[in-house]
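Numbering (our numbering), first residue to last: 13 to 87.
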């Protein structure tokens, strides 16, 4: 399901999540798109190894830190 396809519902959900988490709407929306990108990247069949590293990886994969990063680090 791609929530962003219905803009009205998507904005409602972003606003609700931001309110619950104490974040700005743009942070929740950005995190959604980062997660969607990583999901699609993981689906690719390739001989190329991609490493997800940095602070966002620690937050999203291991919940070691709580942060919303400006970017993601891939190697």
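Every residue, glycine too, gets a C-beta built ideally from N, C-alpha and C.
Confirm, please, whether the CB-CB distance from residue 30 to residue 36 is below 8 angstroms. As a working mapping, residue 36 is identified with position 24 in the chain shown. As a working mapping, residue 30 is identified with position 18 in the chain shown. Closer than 8 angstroms, so yes.
For residue 35, the three-state DSSP class (helix, strand or coil): Position 23 of the chain shown holds residue 35. The answer is coil: DSSP assigns residue 35 none of H, G, I, E or B.
Starting from the Cα of residue 88, find the closest Cα among 58, 78, 45 and 59 and give me that residue. Outside the displayed range of the chain (13 to 87) lies residue 88, so it cannot be described from this structure.
Of all the CB atoms in chain D, is at least one closer than 8 angstroms to the CB of residue 57? In the structure shown, chain D does not exist; there is a single protein chain.
Any idea which residues DSSP pairs residue 64 with across the strands? Here residue 64 refers to the residue found at position 52 when the chain shown is read from its first residue. Within the DSSP bridge table, the entry for residue 64 names 86 as partners.
Cα-Cα separation between residue 81 and residue 15, rounded to whole angstroms: Locating residue 81 in the chain shown gives position 69, where the first residue counts as 1. Locating residue 15 in the chain shown gives position 3, where the first residue counts as 1. Answer to the nearest angstrom: the Cα atoms are 21 angstroms apart.
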